[in-house]
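What follows is one structure encoded as structure tokens, with my remarks underneath.
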Amino acid sequence: MDVESKILIAAISASSAIFGAVISQVVTVVRDWLDKKHQRNVLLRNKYEELAGLITDSQEWGGSLLTSSSLKELRNKPPINARKALILSYIYFPLLRSGCENYITGCVNFQNVLIDNHEFKDGIDCGTQAIHKNEGAVLESSSKLRESRQDIDDLIIQYSSKYAKA
316 MDVESKILIA AISASSAIFG AVISQVVTVV RDWLDKKHQR NVLLRNKYEE LAGLITDSQE
376 WGGSLLTSSS LKELRNKPPI NARKALILSY IYFPLLRSGC ENYITGCVNF QNVLIDNHEF
436 KDGIDCGTQA IHKNEGAVLE SSSKLRESRQ DIDDLIIQYS SKYAKA
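Under my numbering, the first residue of the sequence shown is numbered 316, with each subsequent residue one higher.
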């Protein structure tokens, strides 16, 4: 074999080795990128499920306000689950922020109407007292709360394909 043939064989061998290493690195980088994307999708799906669960669980809060037995008890029941859902929307789900903000506003307004219309009568729950004092305001605020709740439910369904994939 002459020197030119040996150089050509060496160049082909070296090129093949380098090309194999490059292909291996590219495959590793692509696989890592896909794995990170999948992990992010799993995280988003879990947080989305958490947000939806918090909104669902927050429905019990309204009933607990109505059955409160004192003004102190009524004031000490903030809409914690709705607040947690709002925080999740700020961190992970920008398309749900306005819906969560409207829902928390509806919750706070409902609680304020009950507080403002409390009559300080022992043995009668706060909801009954508020309705007795100002039925129109209580019904209006509860209606707005239901509407804001329905709006956030609709948004959760609308964006589920975007946020809950994995």
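C-beta atoms are modelled at their ideal positions from N, C-alpha and C, and glycine is treated no differently.
Bear in mind the structure is a predicted one, so any value in this text is a computation, not a measurement.
Could you tell me the distance, in whole angstroms, from the CA atom of I472 to the CA atom of D372?
-> 16 angstroms
Express the C-alpha separation of A325 and K480 in angstroms, rounding to a whole number.
-> 50 angstroms
Measure from the alpha carbon of H433 to the alpha carbon of each residue in S457, N361, N449, N396, then state which is nearest.
-> N449
CB of L389 within 8 angstroms of CB of I430, strictly = yes
Secondary structure of N396, DSSP reduced to three states = helix
Local Cβ density within 10 Å of Y478, reported as buried at 16 or more and exposed below that | buried
Should K362 be flagged as near chain C, meaning a C-beta pair shorter than 8 angstroms?
-> The chain inventory of the structure shown lacks chain C, comprising one protein chain alone.
Same chain, Cβ closer than 6 angstroms to L366, neighbours up to 5 away in sequence not counted | A400, L403
With a floor of 3 residues, list each beta strand (DSSP E) that falls wholly inside the region 383–462, ordered by position along the chain.
-> none
Just checking my contact of C422 with L460 at CB under 8 angstroms: how many whole Å lie between their CB atoms?
-> 6 angstroms
Per-residue DSSP class, three states only, for A332 | helix
Assumed close pair Y405, R464 - CB separation to whole angstroms, cut-off 8 angstroms = Y405 to R464, Cβ: 19 angstroms. No contact.
Straight-line gap, S328 to I322 (C-alpha atoms, nearest Å) = 10 angstroms
Using 8 angstroms as the Cβ pair cut-off and three pairs as the minimum, do the region 432–446 and the region 331–348 touch?
-> no
Among residues of its own chain, excluding the 5 on either side of L380, which ones have a beta-carbon nearer than 8 angstroms to its beta-carbon?
-> L389, K392, F425, Q426, L429, C441, G442
Looking only at its own chain, which residues have a Cβ that is under 8 angstroms from the Cβ of V453, when we skip the five neighbours before and after it?
-> V428, L429, N432, G442, A445, I446
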